[in-house]
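Colleague: Okay, here's the structure, questions in a sec.
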């Protein structure tokens, strides 16, 4: 059986189809099964309802740190206005020292406030 082929891809498919049947099709099926199992495990381990409480607590910590930071800045600004007679709106020129109790890296892994 001599089939005339027009290009290399066609030649390989006609004369070496055993590569496709014995290697590529089983590998494709194995990859499909692997990806289904992996996606199922990732979904169950990372987005399960039991992690909801942990995620909510993390958001609450972020909000708490944000509120504490804003209150500390407001307090520091008002304190500066009293001691140095700064005009209202001193927050635009203030430089607030980092306070150890307000370090967000304890909660979020980011840089200090």
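Numbering (the working numbering), first residue to last: 19 to 131. Each residue gets a CB set at the ideal place from its N, CA and C atoms; glycine is no exception. These numbers come from a predicted model, not from an experiment.
For residue 28, name the three-state secondary structure that DSSP assigns.
Modeller: Of the three classes helix, strand and coil, the one that applies to residue 28 here is helix, per DSSP.
Colleague: Please report the distance separating the alpha-carbon of residue 5 from that of residue 53.
Modeller: Summary: the structure shown does not reach residue 5, with the chain confined to residues 19 through 131, and so no result is reported for it.
Colleague: So, under 8 Å CB-CB, residue 31 and residue 38 are touching, yes? Tell me the CB distance rounded to an integer number of Å.
Modeller: So it is a contact: roughly 7 Å between Cβ atoms.
Colleague: Put residue 110 into one of helix, strand or coil per three-state DSSP.
Modeller: At residue 110 the pLDDT is 46, less than 50, meaning the model places this residue with poor confidence; the figure from the coordinates comes in the next sentence. Looking at residue 110 - three-state DSSP - the assignment turns out to be helix.
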